[in-house]
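If you want this note's numbering, it's the position in the sequence shown, counting the first as 1, plus 115.
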Amino acid sequence: MSIICPHCGEKTLPREKTVRDGLTAVGVRLVCPFCGGDLGEPPKSEAAVKPVAADSCDRLAALLGEVEKTVKADLAPDEDYGRFCRNCGNFLAHPFKCVCARDHREVDPMGECEFFSKKEE
Ligand SMILES: [Zn+2]
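Written as structure tokens, this is what we have:
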């Protein structure tokens, strides 16, 4: 998608340029390869499918350890599904921690114990 550069008047193919603040990348702008003039922000969709963005997204998900587990539990419930503490009638979710109603100790939502009793919906 070539455009006419408003800065130098040449027919140009905008090029992405990473904007840095010191060593930190703070954004991406389109620039004219002829004169270096600023041509605005790249379209959002293009930025979203960039491999680098997808990579860091995956890494973040892996760090949180949430996404994959949740999807797996929802799409492919296996024999043990439903025995997690978070599915137990004794499980109490407080704003900052999760506790078991049996002894009020902190529990792992993904944990399980012998006193599991299925929570009624
Ligand atoms: Zn130009």
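All residues carry an ideal CB built from backbone N, CA and C; glycine is no exception.
Check R217 in the structure and name its three-state DSSP category.
coil
Please go through the same chain and pick out, in chain order, the residues whose beta-carbon is closer than 6 Å to the beta-carbon of L207, but skip the five residues on each side of it.
V214, A216
Pull up the distance between the alpha-carbon of P148 and that of G142, whole angstroms please.
18 Å
Coil, strand or helix - C147 by DSSP
coil
So does G155 have its beta carbon nearer than 6 Å to some heavy atom of ligand 1?
no
With respect to 6 Å, is the separation between the Cβ of H209 and the closest non-hydrogen atom of ligand 1 below this value?
no
Using a Cβ-Cβ cut-off of 7 Å (strictly less than) and excluding sequence neighbours within five positions of T133, which residues of its own chain qualify?
A140, V143
Starting from V134, follow the beta strand (DSSP E) in both directions and report where the run begins and ends.
130-136
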